[in-house]
Amino acid sequence: MVKSKNMNIVIIGNGITGITAARHIRKRSNYRITVISSESEYFFSRTALMYVYMGHEKFENIQPYENGFWEKNKIELIRDYVTFIDTENKRVDLAGGIVVNFDKLILATGSRSNKFGWKGQDLNGVQGLYSLQDLELLEENSKNISRCVIVGGGLIGIELAEMLRSRNKKVTMLVREDSYWNNILPAEESEMINRHIREHHIDLRLSTELSEVIPDENKNVKAVITKEGEEISCELVGLTVGVSPNIDLVKNTDIEHNKGILVNEYLETNIEDIYAAGDCAEFRTAFPYRKNIEQVWYTGRMQAEAVAQTICGKRTAYDPGIWFNSAKFLDIEYQTYGLVNMNIDGEKNLYWEDPENRKAIRVVYTDDGVIGFNLMGVRYRQDVCLKWIKEKRSIEDVLQDLGQANFDPEFFKQHENDLIEIYNSKNSSHRVRLKRKRGLFKFAN
Amino acid sequence: MQSEILLIEPKLTFIKKTGLAMFAAGMLFFMISFTAVSRISPLLFFILSVVLGCAGALIFFFAQLKESPIPGVKKNNIMFLSMTNRGMLGWMTAVFLTGMYVLIYWFPELLENVIRTFDSLSYTLNGNPANQWFLYGTLYTVAVLVMGVRMIIHNRHNKYQIIRTISVMFFQLILAYLIPMFIVNGFFFTYFWPLKYEYLFPASYDYLIQSGGIGMFMFFWAAVMSFIATPVLTYFYGKRWYCSWVCGCGAMAETLGDPYRHNSDKSLKSWKIERWMVHSVLLIIIIITALLWIDNANENFILKDFSHSAAKWYGFFIGAMFAGVIGVGFYPLMGSRVWCRFGCPMAAVLGIIQKYFSRFRITVNGGQCISCGNCSTYCEMGIDVKSYAQRGQNVIRASCVGCGVCSEVCPRGVLRLENGPVKGRYELNDDYLR
Ligand SMILES: Cc1cc2nc3c(=O)[nH]c(=O)nc-3n(C[C@H](O)[C@H](O)[C@H](O)COP(=O)(O)OP(=O)(O)OC[C@H]3O[C@@H](n4cnc5c(N)ncnc54)[C@H](O)[C@@H]3O)c2cc1C
Ligand code: SF4
Ligand code: SF4
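Protein sequences, first through last, are from chains A and B.
In terms of the numbering used here, the first sequence is residues 1 to 445.
In terms of the numbering used here, the second sequence is residues 446 to 879.
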């Protein structure tokens, strides 16, 4: 616990990154902590916006902490927009006219939706999905309409499609690639999602790009035109073609930036006592097999924790660890661990799929051991998978213990043996046998 | 050209309309059954109300299979619907259910005509005319069965839910309805002290022992279940073996109550109130039971009058008002487990065992939680599951009934109900939350 009455920490952005940093600094110190953010009064889960629109949850349900939490933990919240950072005098200006001084500043300003300068991209009824305000706009824009076009085949695009389907809108999805999200998903899994999107009555158009959006006489969207020249009439256009770091704030300062705010592995910017983390940060050198800009919930959380340690006196580099992620494509859950679909030298894939029940298990390995797991409709234990990857366990070792990794609810059909059978049929020399299935009394670890 | 995929639109299909019409007609005939008209042919009115209504509801639920043929979490619009979001329909349903309980418990004479329509069934089952409890038991069981079918259809992607729902339907139908109605009048093999407090009162002991072999067996059963099976099973599986697999109150909560489960209060404050209330009720019933036994052994017990009237008041306020009227009547307002959470002394006992001496826990899968809040929202016991999940801590709570819904609705596969070594259950697993 670091004690220093006078240390003044200011954090811009109350997303997962800013808030995690605040919480961890509070855990380790009695510094004064101020979080400034303009989007919402309290921290909410951005990843759960879709559930509010679909009526699974209310907005209050997606706020991870009760409102009293902040006062109890002495984290001051200011809802305002930061207009300027004075790096010389260590102060920030707020739109409301207040000036806030800092000793250390953390920039956690997140991302914003991409727009690629299409004709008509600013018409009424054309929007992205990132912020709370976008959600409110969607509520407005989707009233009394029936046809929507979504541009972009990523995670947010499919979420938006699911949202609109929950209100019985007709949805067409334009995807540039020839299969859904196939820059990340291996071909088979990607194909499974193509089928799944279509069985949800979403009109998936692969290898199709937007050319322009055309208005009616009131400047409302009337239709989109694809690069092939096809006109698709619609009353709402969702632009979900990725996000980019939100760096408006640093543009007119001496804080170095490229696409994002440039940081080293300690998340330090070029200016002393100013840090950046989460979606808005760009690493000067990327970590092996990782991107310079990491735009997921988990990495924002992990980076924030490293910054908190550094600020509390223990200079700590961000250690990204082994990659993991998860998502849900309509009804199909997805979990991934390690290196999948990365074309590693000597990589082999063991793949099992049950198309009817929308399930698949993939283990990626080389002669040196397993390197990745990819799961569709099946849950695996993160602990176990990452441990095996870290220890470079041989594929045969992994297969015979695979029951330990299974994390599906009790009584679910277990498919580890199906995977092993496929392995054995290809490698007749020595047969692998599943050592133990998961059972009511048996337990992993 | 628009793709054909777009053309299929779910709407109120003919089959669904038929089901709804039958259900509405059933309700109408049920209302007519309150009048003397039903005396013309009670059996006919039973068929036209209960049988027709149930058939209609079942047709409606099965039609959903066709409407959304892809199995998966079905929670769309729950927060918008008047029925499930404490809107007008929800409020009216709450008043209606509460009112039915009041009528059955305290004004059965107003139900006379309706009760007569249940005579044929009652004669078939046990040779006696129906009374208010037969009416109650039948409607209760029917609600569990019909809404159980709905629960299974909604959760058909989840085998845990399917098996668990079949289990509560089975125990309700066989052990809590047919056997008590049919063979041993009024004895429920699925309820034990302290929930069914009077089973271990001296008066039932005397009565059962005097009634010979079967009575001795029943007392023996009740005592063994309360004092041996309960701790042993809870040690291995957690309180779920009872609360969401066997118990009749649980059966109702998990079937009729399922559409309302999110209405439980998740605040820290309600957790505090819950702990105070549920443990107080437990303490009270232990004291009352003890006093009655002391009185039984000691002719000149000074608290004789007190203990008997305390038992009576407990029966009225806790047994009838709380467990029955509020317990089910308030589903649409306070969620499906009001009684289980705030009042049930059995849940209190099981909870203590679950928290301190059990292999059960809900394991959190590394750092995969995105704090989306679905788990907490749909926890009928009002547990803020995400507050554990987002910091990588296993969920071990006295009140968790192991319904498995948090695990089911989690979009990131973070939660798993499991039984494992007691040691290390509470350890924080926050390697990935750095
Ligand atoms: C719809 C959707 C679904 C997603 N689903 C997933 C998922 O399933 N899994 C996953 O890993 N990731 C998901 N993501 C990505 C994930 O949400 C982000 O990576 C994460 O929220 C980034 O957190 P952050 O704290 O860095 O930034 P943000 O959450 O964007 O927070 C930044 C905050 O700073 C505020 N701000 C910015 N500039 C200023 C200023 N000048 N003054 C005041 N305030 C300012 C912004 O208004 C914002 O509130 C999803 C994103 C979206 C949009
Ligand atoms: S914590 Fe999960 S399993 Fe336990 S009662 Fe709540 S929803 Fe059910
Ligand atoms: S439902 Fe899953 S991801 Fe969402 S808060 Fe709960 S544990 Fe976390």
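By construction, the Cβ of each residue, glycine as well, lies at the ideal position given by its N, Cα and C atoms.
Distances from the alpha-carbon of asparagine 603(B) to those of Val100(A), Ile395(A), Asp368(A), Gly377(A) put Gly377(A) closest. For asparagine 349(A), the closest alpha carbon among the candidates Val370(A), Leu330(A), Gln335(A) is that of Val370(A). Beta-carbon to beta-carbon, leucine 862(B) and glycine 837(B) are separated by about 17 Å, too far to satisfy the 8 Å threshold. Between the C-alpha atoms of arginine 531(B) and proline 288(A) there is a straight-line separation of about 52 Å. Spanning the alpha carbons of glutamate 391(A) and glutamine 382(A) requires a straight line of approximately 14 Å. Around the C-beta of glutamate 356(A), fewer than 16 other C-beta atoms lie within 10 Å, and the residue is accordingly described as exposed. The beta carbons of isoleucine 156(A) and phenylalanine 329(A) sit no closer together than 8 Å.
For methionine 54(A), the C-beta contacts it makes with chain B under 8 Å involve Lys520, Asn521, Asn522, in order along the chain.
The beta carbon of phenylalanine 525(B) sits closer than 6 Å to none of the beta carbons in its chain outside the five residues before and after it.
Ligand 2 approaches tyrosine 823(B) closely enough that one of its heavy atoms is under 7 Å from the residue's Cβ.
By the criterion of a C-beta distance shorter than 7 Å, leucine 123(A) is surrounded in its chain by Val213, Pro215, Lys219, Asn220, Val221, once the five residues flanking it on both sides are discounted. Look at lysine 74(A): its C-beta is not under 8 Å from any C-beta on chain B. Between the region 801–808 of chain B and the region 840–850 of chain B, the count of C-beta pairs closer than 8 Å reaches three or more; the two stretches touch.
Here the region 499–516 of chain B makes no contact with the region 474–484 of chain B; the two share fewer than three CB pairs at distances below 8 Å. Within the same chain, Cβ atoms closer than 8 Å to the Cβ of arginine 358(A) are found at Met192, His196, Asp331, Ile332, Met376, Gly377, the five residues on either side in sequence being excluded. Comparing C-alpha distances from valine 850(B) to each of Glu825(B), Lys831(B), Arg870(B) shows the shortest one belongs to Glu825(B). Of the heavy atoms belonging to ligand 3, none sits nearer than 7 Å to the Cβ of asparagine 424(A). Taking one beta carbon from each stretch, the region 276–284 of chain A and the region 140–153 of chain A have fewer than 3 pairs nearer than 8 Å; the two do not touch.
Take the alpha-carbon of aspartate 354(A) and the one of serine 326(A): they are about 20 Å apart. Bounds of the beta strand (DSSP E) holding glycine 338(A) are 332–338. For the region 814–832 of chain B, the set of residues with a beta-carbon nearer than 8 Å to any beta-carbon of chain A comprises Ile815, Ser816, Cys817, Gly818, Asn819, Ser821, Thr822, Lys831, Ser832, in chain order. Nearest to threonine 253(A) by alpha-carbon distance, out of Arg91(A), Val296(A), Glu228(A), is Arg91(A).
Ligand 2 never approaches leucine 713(B) closely enough for any of its heavy atoms to be under 7 Å from the residue's Cβ. Taking tryptophan 686(B) as the centre and dropping the five residues before and after it, the same chain places the C-beta of Leu678 closer than 6 Å to its C-beta, in chain order. Residue environment: lysine 461(B) is assigned as buried (16 or more neighbouring CB atoms within 10 Å of its CB, all protein chains considered).
In this structure, DSSP gives tyrosine 275(A) an extended state, which the three-state scheme calls strand.
Secondary structure at alanine 95(A): coil, using DSSP grouped into helix, strand and coil. One thing to note: glycine 13(A) has its Cβ no nearer than 8 Å to the Cβ of serine 45(A). Residues of chain B with a Cβ closer than 7 Å to the Cβ of proline 355(A) do not exist, since the nearest Cβ in that chain sits about 13 Å away. Between the alpha carbons of isoleucine 11(A) and lysine 115(A) lies a distance of about 27 Å.
Considering only Asn558(B), Tyr605(B), Leu493(B), Met467(B), the residue with the shortest C-alpha distance to glycine 501(B) is Met467(B).
At least one C-beta of chain B is nearer than 8 Å to the C-beta of histidine 200(A).
Taking a C-beta distance under 8 Å as the contact criterion, arginine 112(A) and serine 244(A) qualify as a contact pair. Sequence-distant partners of alanine 539(B) (beyond 5 residues in either direction) whose C-beta falls short of 8 Å from its own C-beta, in its chain, are Gly774, Phe775, Tyr776, Pro777, Leu778. DSSP lists Gln127(A), Ile150(A) as the bridge partner or partners of glycine 238(A).
Set against 7 Å, the gap from the CB of isoleucine 549(B) to the closest heavy atom of ligand 2 is not smaller.
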